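To start, the structure itself, in structure tokens.
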Amino acid sequence: MTQQRIVIGGIGATAFGKHPGRTSLSLNVEACRNALNDAGIEKSQVDAVFVKVPTSERHFMYGQMLCEAMGIQPRIGGAWDQGGAANIALISFAASSILSGQCKVALVCYADTPKTGNTKAFARPKGDDARYGWLSTAAGYGMILRRHALEYGTGPEELGPIAVACRKHGAANPLAQLREPLTLAQYEASPYLVEPLRRADCCLVSDGGGALLVMSQATARDLKVAHPVDILGIGQAQTSWDVHLRPALTSTCASMSAKKAFDMAKLVPADIDVAQIYDCFTIAALMTLEDYGFFPKGKGRHFVADGQIEIGGRLPINTSGGLLSETGMPGLQLIMEGVRQMRGKANLQVPGARNCLISNQGGTMHTHSTLILGQ
Amino acid sequence: MNTHSTSTSVTHQYWDLLKAGRLTYQNCACGHRWLPPRTECPSCLGTDWSWRDASGRAKLISWVVYFFAYDESFQKKIPYNVAIVELDEGVRLISNITDCPDGQGLELDMPLELAVEHEGDVVLARFSRIQLRENI
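Taken in sequence, the protein lines are chains L and C.
FYI, this note's numbering numbers position 47 of the first sequence as 571, with every residue one higher than the one before it.
FYI, this note's numbering numbers position 66 of the second sequence as 64, with every residue one higher than the one before it.
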């Protein structure tokens, strides 16, 4: 069966960091405007708008609020709540909708203001268990890291190089929120936030927004889109159980998600030239790489050592800085960097890169999604 | 801080039983056992369940130590630990391990015993280390 190729036809973002006085709607509009400009198309050509809900705000009919703010009356539109995995999930919905003839050009976007708006978004009490002091997003990842550390001996030698690589790439990115490189010694000296998690293991908190345009290759040709990038594979999977209820804390549904995406792309991990791996916490990136099959579980030390995940290494990851250095935005920036790498126009371009792997995940590794882009 | 934001009648029952000194879990006719309290069994989706008293014996699955207070009400408690505990009956819950705020001496799968504690109006199903207790 020959199927239409689906492409990402345009990308756009706001500045990352602080946007006092701006709303997430305003940031979404700016990101979408920039994505439309990047693709060289008019908003009147958009007939679907898929928005990931802001993490720090709760609204009713957020998708319709955004369409009103942009003066767009789409065939399909709405907001989706799945944590950080939602970006790729929305690309999947957009692709399915396009392939089934329900729409032609879809905006996928996200914006939030957790830095200057509702700053308590990541400190939330976890239901009735808050009475035990069980608060924050970070602590859930700390529970996972503790178990991983005790089962496999995971520590600074596995996690430090991930933080170092992201901070190095972010320092080289003029648009990154945090442009300070980090040494392994500085990583090890970083104080505990929720032990065993160090501050240097934890991503940024950022205001900002991102957007991209999904369409078929044929539509991109008709609309004279300059730099469409092919989607080769998409996968998703969900654990659902909260951290403490999971039968195993050290395995995630990432492996299922990746298998789907690799099978669809007819590729294997060895075919990947550059990867953007969701790094809300270093342990999340490490476990994603192992669950994706780049190395056996608990055997990541050699893979991440000696600059092998830095630009110039065997598998450069998070080439614009990731959540640890570019922006804490939950995942859309990773897709945008993947698009730039496949266009050959990234700030830290991996020479000759043909396949880019991107992971997104949500909650405390509750949800996962995988995207493979090609040249 | 309101720690009762998710309270429903079934969660009220759980905390009221704990207040009376009984740590309970839900046991379904289908054989599934669980916490936190839910109206429907997450395995068979039915409602034919009853409260069962836990033996109080458990093991340590994982833990973290907070060096940062995400809420002012915990500022004077740091460092404090939060643990994942698995009851002998197979049910897991979030808890604290007593007598080791900084987590020193904790080990994977170490045996634990229920130690219900009260802080003002709040009741807590905490756990203590059995080895420690036997050594004293």
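Glycine is no exception: its CB is placed at the ideal position from the N, C-alpha and C atoms.
The structure presented is a predicted model; accordingly, all values stated were derived computationally and were not measured.
Inset, instruction - Keeping to the same chain, check which residues put their C-beta closer than 7 angstroms to that of residue 653 of chain L; ignore five residues upstream and five downstream. - result: Nothing listed; no residue qualifies.
Legend entry - Completely contained beta strand (DSSP E) runs for the segment 585 to 635 of chain L, where each covers 3 or more residues: Contiguous beta strand (DSSP E) elements confined to the segment 585 to 635 of chain L occur at 600 to 604, taking only those with 3 or more residues.
Legend entry - Cα-Cα separation, residue 105 of chain C to residue 673 of chain L: A direct Cα-Cα distance of roughly 12 angstroms separates residue 105 of chain C from residue 673 of chain L.
Legend entry - Straight-line Cα distance separating residue 667 of chain L from residue 61 of chain C: Rounded to whole angstroms, residue 61 of chain C to residue 667 of chain L spans 6 angstroms at the Cα level.
Legend entry - Coarse secondary structure for residue 83 of chain C, derived from DSSP in three states: Here residue 83 of chain C sits in strand by DSSP.
Inset, instruction - Tell me whether residue 739 of chain L sits in a helix, a strand or coil according to DSSP, three-state version. - result: When secondary structure is reduced to three states using DSSP, residue 739 of chain L falls in the strand class.
Legend entry - Spatial distance of residue 535 of chain L from residue 826 of chain L (CA atoms): Taken atom to atom, the span from the alpha-carbon of residue 535 of chain L to that of residue 826 of chain L is near 35 angstroms.
Inset, instruction - Return yes when at least one heavy atom of the ligand GDP lies under 6 angstroms from the C-beta of residue 654 of chain L, else no. - result: Absence of the ligand GDP from the depicted structure is noted, as is the absence of any ligand whatsoever, leaving it without description.
Legend entry - residue 684 of chain L vs residue 669 of chain L beta-carbon contact at 7 angstroms: Contact flag unset, no.
Legend entry - Distance between residue 557 of chain L and residue 101 of chain C (C-alpha atoms, nearest Å): Whole-angstrom Cα-Cα distance: 50 angstroms.
Legend entry - Residues of its chain near residue 679 of chain L, where Cβ-Cβ distance is below 7 angstroms and the 5 sequence neighbours each way are ignored: Here the set comprises 673.
Legend entry - Cβ-based burial, residue 576 of chain L [other Cβ within 10 Å; buried from 16]: Buried: at least 16 other Cβ atoms inside 10 Å.
Inset, instruction - Starting from the beta carbon of residue 61 of chain C, find every residue of chain L whose beta carbon is closer than 8 angstroms, and list them in chain order. - result: In chain order: 667, 670.
Legend entry - With 16 other Cβ atoms within 10 Å as the buried cut-off, status of residue 56 of chain C: Residue 56 of chain C is buried by the Cβ-count criterion.
Inset, instruction - Report buried or exposed for residue 24 of chain C, applying the criterion of at least 16 other Cβ atoms within 10 angstroms of its Cβ. - result: Answer is buried; the Cβ neighbour count reaches 16.
Legend entry - Interface partners of residue 94 of chain C on chain L, CB under 8 angstroms: Under a criterion of Cβ atoms nearer than 8 angstroms, the residues of chain L adjacent to residue 94 of chain C are, in order, 656, 657.
Legend entry - Contacting residues, own chain, Cβ-Cβ under 8 angstroms from residue 778 of chain L (five flanking each side not counted): The residues are 761, 811, 812, 815, 816, 883, 885, 889, 892, 894.
Inset, instruction - With a floor of 3 residues, list each beta strand (DSSP E) that falls wholly inside the segment 29 to 101 of chain C, ordered by position along the chain. - result: If we require 3 residues or more, the beta strand (DSSP E) runs fully inside the segment 29 to 101 of chain C come out as 47 to 51, 55 to 64, 78 to 85, 90 to 93.
Inset, instruction - For residue 122 of chain C, go through chain L and note every residue whose CB falls closer than 9 angstroms to its CB, in chain order. - result: Within chain L, the residues near residue 122 of chain C are 655, 656.
Legend entry - Short Cβ contact (7 angstroms threshold) for residue 12 of chain C with residue 660 of chain L: Taking the C-beta atoms as reference points, residue 660 of chain L is found no nearer than 7 angstroms to residue 12 of chain C.
Inset, instruction - List the residues of chain L that residue 9 of chain C touches, going by C-beta distances under 8 angstroms, in chain order. - result: Ordered by position in chain L, the residues that pass the 8 angstroms Cβ test against residue 9 of chain C are 652.
Inset, instruction - Anything in chain C within Cβ reach of residue 716 of chain L, meaning under 8 angstroms, just list it in chain order. - result: Neighbours of residue 716 of chain L on chain C, chain order: 63, 65.
Inset, instruction - Please determine if the segment 595 to 603 of chain L and the segment 571 to 587 of chain L are in contact, where contact requires at least 3 C-beta pairs separated by less than 8 angstroms. - result: Yes, since at least three Cβ pairs between the segment 595 to 603 of chain L and the segment 571 to 587 of chain L fall closer than 8 angstroms, the two stretches touch.
Legend entry - Interface partners of residue 114 of chain C on chain L, CB under 9 angstroms: Near residue 114 of chain C there are no residues of chain L at all, since even the closest Cβ is about 13 angstroms away, more than 9 angstroms.
Legend entry - For residue 0 of chain C, three-class secondary structure by DSSP: With a pLDDT of 38 at residue 0 of chain C, under the threshold of 50, the modelled position of that residue is not reliable, and the figure given next carries that caveat. It is coil, neither helix nor strand.
Inset, instruction - Classify residue 548 of chain L as helix, strand or coil using the three-state DSSP reduction. - result: Three-state result, residue 548 of chain L: helix.
Legend entry - Closer than 7 angstroms at the beta carbon, the chain C residues around residue 712 of chain L: None at all; the shortest Cβ gap to chain C is about 16 angstroms.
Legend entry - Secondary structure of residue 109 of chain C, DSSP reduced to three states: Looking at residue 109 of chain C - three-state DSSP - the assignment turns out to be strand.
Inset, instruction - Taking residue 650 of chain L as the reference, give the member of L:766, L:822, L:773, L:717 with the closest Cα. - result: It is L:766.
Legend entry - beta strand (DSSP E) segment containing residue 719 of chain L, residue limits: Bounds of the beta strand (DSSP E) holding residue 719 of chain L are 716 to 719.
Legend entry - Limits of the alpha helix (DSSP H) - the one that residue 883 of chain L falls within: Counting along the chain, residue 883 of chain L falls outside any alpha helix (DSSP H), though it belongs to the beta strand (DSSP E) covering 879 to 886.
Legend entry - Interface partners of residue 674 of chain L on chain C, CB under 7 angstroms: Against chain C, a Cβ distance below 7 angstroms from residue 674 of chain L picks out 106.
Legend entry - Reduced DSSP secondary structure (H/G/I, E/B, other) of residue 646 of chain L: Secondary structure at residue 646 of chain L: coil, using DSSP grouped into helix, strand and coil.
Inset, instruction - For chain C, find out if any of its Cβ atoms is closer than 7 angstroms to the Cβ of residue 769 of chain L; answer yes or no. - result: Between residue 769 of chain L and chain C, the shortest Cβ-Cβ separation is below 7 angstroms.
Legend entry - Residue closest to residue 706 of chain L, alpha-carbon to alpha-carbon, out of L:716, L:698, L:693, L:682: If we check each option's Cα against that of residue 706 of chain L, L:693 comes out closest.
Legend entry - Proximal chain L residues relative to residue 72 of chain C, where beta-carbon distance stays under 8 angstroms: Near residue 72 of chain C (Cβ distances below 8 angstroms), the residues of chain L are 657, 659.
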